[in-house]
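Notes for the one structure printed next.
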Amino acid sequence: MNRAIRRLSIASLVLFVLLMVNVNYLQVFRVNTLAAEAGNARVFDLQFKNWRGEIIAAGDTGGADQVVAKSKLVKGGIYKRAYPLGKEYAPVTGYDSILGTTSPFGLTGIEQAENKFLAGTAPSLAVYNLKGLFTGKPKQGASVYLTISPRAQEAAYQALVAMGKPAAAVAINPRTGAILAMASYPTFNPNAYTTLDSGQLAKVDKRIRTNPNGLLLNRAINDTFPPGSTFKLVTSSAAFTTGKVANQNATIPAPTAYLLPGSHTSLLNDGGAPCGNGHPTMVYALTVSCNTAFAKLGDTVGGSALHNMANAYGFNNPNLTIPLPVTPSAYPGPAADAPALTDPAQIALSAIGQFNDTETPLQEAMVAATIANHGTTMRPYLVGQIKAPDQSTVQTAQPTALAHPITSAQAGYLTAMMEGVTQNPSGTAYQTAGPPSTTILIAGKTGTAQNGVNNSHLDDAVFTCFAPASNPTIAVGVIVKGGGFGADAAAPIALKIIQAYLRQH
Amino acid sequence: MTAARNMAEYPTSDTSRRAVALPRGRRGAELAMLCFAVGIMAFAYIAAGLGLNGHVPSGLVTFVAVFAVLMVLAHLVVRKFASWADPLLLPLAAVLNGLGIVMIYRLQESGRGGNPGLPIITLTSHAALYQLMWTAVGIAAFIAVLIVIREPRVLQRYTYTLGTIGLILLAIPALLPSSLSSVNGAKVWIILGGFSIQPGEFARIALAVFFAGYLVAKRDVLSLAGRRFMGIDLPRARDLGPILVLWAISMLILIFESDIGTSALFFGLFIAMLYIATQRKSWLLIGLLLFVAGALLAGTVIPHVHERFTIWLHPFDPHTIYSSSEQLAQGLEGMAFGGIFGTGLGLGEPFRTPLVQSDFIFTGFGEELGLTGLMALLLIFGLLVQRGLRAAMATRDPFAKLLAAGLSFVIALQVFIIVGGVTQLIPLTGITTPFLSQGGSSLVASWMVIAVLMRVSDTARRPAPQPIQDEGLTQVVRAV
Chain A
605 MNRAIRRLSI ASLVLFVLLM VNVNYLQVFR VNTLAAEAGN ARVFDLQFKN
655 WRGEIIAAGD TGGADQVVAK SKLVKGGIYK RAYPLGKEYA PVTGYDSILG
705 TTSPFGLTGI EQAENKFLAG TAPSLAVYNL KGLFTGKPKQ GASVYLTISP
755 RAQEAAYQAL VAMGKPAAAV AINPRTGAIL AMASYPTFNP NAYTTLDSGQ
805 LAKVDKRIRT NPNGLLLNRA INDTFPPGST FKLVTSSAAF TTGKVANQNA
855 TIPAPTAYLL PGSHTSLLND GGAPCGNGHP TMVYALTVSC NTAFAKLGDT
905 VGGSALHNMA NAYGFNNPNL TIPLPVTPSA YPGPAADAPA LTDPAQIALS
955 AIGQFNDTET PLQEAMVAAT IANHGTTMRP YLVGQIKAPD QSTVQTAQPT
1005 ALAHPITSAQ AGYLTAMMEG VTQNPSGTAY QTAGPPSTTI LIAGKTGTAQ
1055 NGVNNSHLDD AVFTCFAPAS NPTIAVGVIV KGGGFGADAA APIALKIIQA
1105 YLRQH
Chain B
199 MTAARNMAEY PTSDTSRRAV ALPRGRRGAE LAMLCFAVGI MAFAYIAAGL
249 GLNGHVPSGL VTFVAVFAVL MVLAHLVVRK FASWADPLLL PLAAVLNGLG
299 IVMIYRLQES GRGGNPGLPI ITLTSHAALY QLMWTAVGIA AFIAVLIVIR
349 EPRVLQRYTY TLGTIGLILL AIPALLPSSL SSVNGAKVWI ILGGFSIQPG
399 EFARIALAVF FAGYLVAKRD VLSLAGRRFM GIDLPRARDL GPILVLWAIS
449 MLILIFESDI GTSALFFGLF IAMLYIATQR KSWLLIGLLL FVAGALLAGT
499 VIPHVHERFT IWLHPFDPHT IYSSSEQLAQ GLEGMAFGGI FGTGLGLGEP
549 FRTPLVQSDF IFTGFGEELG LTGLMALLLI FGLLVQRGLR AAMATRDPFA
599 KLLAAGLSFV IALQVFIIVG GVTQLIPLTG ITTPFLSQGG SSLVASWMVI
649 AVLMRVSDTA RRPAPQPIQD EGLTQVVRAV
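In structure tokens:
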């Protein structure tokens, strides 16, 4: 009988070897396939078990950093996301819901764009995480340091709330392209998305997503508006670079009414007023924002030159990310890939920002920033630094130039013209951004864009500016939908941001 | 006092035996390994508490102390009543039993009392305590078997009695109304009040005894008399009849109780014992063919079994992933999540796998102790089987040989069926994992099997009686 028992014992051994081989196969070779199975709850839950990196607004040199997104340990060893300043930073942070990367709507904003670092899955964090594996520390994400200035951001958001109309404001450091403020109104509270209850999340998401006011829309970079008269800066730039106009003191023809070529429509200035003596200097034409002067100038420069200049300033770029993807501003529009205009009437209208031109508030700020930075457009960016949990720097932003639309001298001409807007008592922003309101020397340009069919909608108010004009450290773009005159609605918001950032009145 | 003087005055049998270099009982080694097993249980218990909520569990001292006392008690009984038994069997069973209690504790705590995870609704908040109580019952049964059965051949006398008891035990749940016998679709229980037992677990031991007794009595006729048909020696029908009838009845009962796993286990036990008794490979061949044919037939005819095959092949089918194949899919994902080193006790999410405390406890260990832990568990099971088979080889009594080999092989088969099932090696059939799964019947029956194996190995290793040298010791006259 022992021979049979011996054989049986070999059979048992075979059974155990089969089990061991299979368990090895499962827990070593099939790990990745099983982890990637749809709906793997354990992998899904990992996001709550690891400490997710913080998002910190660190753009105030010498000022305090502001944590705007953090992970809190709640009951049961689970981390829950929190946004201490909620709506103020919503367009920047976005939200991190329990759906995470499993849904296209699971993450938005910086939470999505820098998810790899925040979640700690980026390859550059591998060495750090390896250390954690042996020390038994749970995996931690890296923290994202934003270029946002807490002071400027607060001022921007509070000013938009006080205005109470759909609006957005963007502030840029013109020297680097670092975004100092990015606010949008109305917006949502990202804390609503941090619930750990999927049923509750679905309810919250439905309520916010279907809100007619478009709460999830980041108007600063994902909504476009007619630029209105602020586009005259681009037209002027094209006039200087093509040599049609020598400098800011050269005179240009400005009829009281400009019969649009090839049509029976006459273009008038605001209120039908004449523009000086009919031959104003560039400075005066911009100071009082003559429509006829710049419409005619547009025709003199030509559709192709305007198109090139707009492109150089950053229009029609579908690939810009900050790292949030930016909706392209369009000239001549309506789409970013529209060809240059050839019809003189359309060119004339587009030259004063009234045809199909559209732009984002970010683009608005980029135009002012370029002029402030001696004619060089810097790539705008939100993320200054990424730091591993041990505070070692993983990544630092390198300011890069996008384009050089104008020379330093031409930037000087435009600065002088923009100073006229705020400093000359007849300037369109003299009351709101000039000596009556502030001691800061602001160079700016107002815009009041008609829109809707037959201009039936309320005008959009636009303001683009930089300060201090002598040595600019901040450039701002503000658009208020239905705000009326740009000087009335948009300029005060820009002023508040500048005052907060410069800590001056 | 008298006992102590006796020890001093007379040379103990131990010392006289050592003089002639006979094998030793190695009880000291057993105690040392037992302490190690209790230590593993204690540390695992602490680790589970720390993993769950960062605190050492409040019941630590009670649990470990009770468990240690039970194991030492078992050891003392072995020392007295089976002093030559294999020293490995008891510690191996103890470490499995201890780890099972810890895992059940960890699962019962999940999502309760502020711990992370979700509560397991099929598990009460006193499950670990019950498991400890059942361990006590198991050790009592272990002790009872060792004390009552002094020689394996005692059992042989009750061959037919135990065969009948086994059949009755199997039949009771099938005859009882479902309300008193059915849990989760398997009609294998006897439910009385809040108390439920699975008689099949005990029937297995009774039937193993019956098979052993019957086959030993008939093995000569089974292997010698008969006809040769197509190159295979077939036994006479009258010799094989009773055993086939009994086997067929037990199979029918099991199919009616929808317990395919146990039925496969009985089948394997039967074939293995038949093979050992007759030494004919033809039995293995016939058995395997019958089994494969039966499995395929059941797979096509019985919808319930067919579904098992589908789940086995496609556990992640989106149509079944949240219903019938959820358990297997969750178990596999859990094991993958554990990887090589596991998440650590209390740090995984085994609560996601339905019934992880019983059929799927192995995947729970896989998740939290990882591949490392599973290899250790499989080695412990393998060692247990090997020690049992070694006892079978060592003993001279054919009945004991057959019984020990059958009971050992059935442990291997049981582990293979359930572990292979939950790791997608073979289609899943729900049976318990010996010593680990929650459930009293399985635990008590497993301890009884260990007791029988230890009794067999004790008989095998016990030296032949020495010639009597000291006449003074022979004065006790027993009147019968």
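First to last, the sequence lines map onto chains A and B.
In terms of our numbering, the first sequence opens at residue 605 and continues consecutively.
In terms of our numbering, the second sequence opens at residue 199 and continues consecutively.
We treat Cβ as the ideally placed atom computed from N, Cα and C, and that holds for glycine.
- About 6 Å separates the beta carbon of LEU750 (chain A) from that of VAL987 (chain A), a gap short enough to meet the 8 Å contact definition.
- CA-to-CA, the gap between LEU601 (chain B) and LEU422 (chain B) works out to about 21 Å.
- For GLN631 (chain A), the neighbours in chain B by C-beta distance under 8 Å run, in chain order, MET533, ALA534, GLY536, GLY537, ILE538, GLY564, GLY568, LEU569 and LEU572.
- Straight through space, the alpha carbons of VAL608 (chain B) and GLY466 (chain B) are spaced by roughly 7 Å.
- In its chain, beyond the 5 residues on either side, VAL672, ALA673, TYR693, THR697, PRO794 and ASN795 have a beta carbon closer than 7 Å to the beta carbon of TYR687 (chain A).
- In the structure shown, GLY247 (chain B) adopts helical secondary structure according to DSSP, grouped into three states.
- Sequence-distant partners of ILE1078 (chain A) (beyond 5 residues in either direction) whose C-beta falls short of 8 Å from its own C-beta, in its chain, are ALA756, ALA775, ILE776, ASN777, PRO778, LEU784, PHE1070, ALA1071, ILE1101, ILE1102, TYR1105 and LEU1106.
- In this structure, the alpha-carbon of VAL499 (chain B) lies about 28 Å from that of LEU405 (chain B).
- Here ALA246 (chain B) is actually not in contact with GLY564 (chain B); their C-beta atoms are around 16 Å apart, not less than 8 Å.
- Under the 8 Å Cβ criterion, the segment 943-951 of chain A does not count as touching the segment 717-726 of chain A, having fewer than three qualifying pairs.
- Only residues of its own chain outside the window of five on either side were considered, and among them LEU286 and LEU290 have a CB closer than 7 Å to the CB of LEU581 (chain B), listed in chain order.
- Listed in chain order, the alpha helix (DSSP H) runs fully inside the segment 430-515 of chain B are 435-454, 458-476, 479-499 and 501-511, counting runs of at least 4 residues.
- For LEU567 (chain B) and LEU327 (chain B), the gap between their C-alpha atoms comes out near 22 Å.
- Looking at the backbone, the Cα of GLY562 (chain B) and that of GLY918 (chain A) are separated by about 57 Å.
- One finds nothing in chain A with a Cβ atom closer than 9 Å to the Cβ of VAL490 (chain B); even the nearest lies about 16 Å away.
- Between VAL1066 (chain A) and ILE1044 (chain A), the C-beta gap is not smaller than 8 Å, which leaves the two residues out of contact.
- In summary, the residues of the segment 642-658 of chain A whose CB is separated from some CB of chain B by less than 8 Å are ALA642, GLY643, ASN644, ALA645, ARG646, VAL647 and ASP649, in the order they occur in the chain.
- Chain A has a Cβ within less than 8 Å of the Cβ of ILE474 (chain B).
- DSSP, read as helix, strand or coil, puts TRP332 (chain B) in helix.
- Closer than 8 Å at the C-beta level to chain A, one finds these residues of the segment 595-615 of chain B: PRO596, LYS599, LEU600, ALA603, SER606, PHE607, ALA610, LEU611, VAL613 and PHE614.
- Restricting attention to B:ARG348, B:PHE408 and B:ARG594, the CA atom closest to the CA of ALA280 (chain B) is found in B:ARG348.
- Rounded to whole angstroms, the separation of the alpha carbons of ALA1015 (chain A) and HIS978 (chain A) is 5 Å.
- For VAL632 (chain A), there is no enclosing beta strand (DSSP E), as DSSP marks it with neither H nor E.
- Listed along chain B, no residue sits closer than 8 Å to ARG685 (chain A) by beta-carbon distance, the nearest being about 17 Å off.
- Judged by DSSP in its simplified three-state form, ILE302 (chain B) adopts helix.
- Annotation for SER908 (chain A): ALA944 place their beta carbon closer than 6 Å to its own, counting only its chain and skipping 5 residues before and after.
- Counting along the chain, the unbroken beta strand (DSSP E) around VAL671 (chain A) starts and ends at 670-678.
- ILE370 (chain B) sits buried, since 16 or more C-beta atoms from the chains shown fall within 10 Å of its C-beta.
- Taking a Cβ-Cβ threshold of 7 Å, the residues of chain B close to VAL635 (chain A) are ALA534 and GLY537, in chain order.
- If you look at VAL642 (chain B), you'll find it in the alpha helix (DSSP H) that goes 638-659.
- For ASP903 (chain A), the enclosing alpha helix (DSSP H) starts and ends at 895-905.
- If you check each beta-carbon in the segment 542-560 of chain B against every beta-carbon of chain A, the ones closer than 8 Å belong to GLY546, GLU547 and ARG550.
- Within the same chain, Cβ atoms closer than 6 Å to the Cβ of GLN1108 (chain A) are found at ILE1044, the five residues on either side in sequence being excluded.
- For TYR699 (chain A), the three-state secondary structure derived from DSSP is coil.
- By DSSP's assignment, ASP1064 (chain A) forms a beta bridge with A:ALA1053.
- At a cut-off of 8 Å, the C-beta of LEU750 (chain A) has no neighbouring C-beta in chain B.
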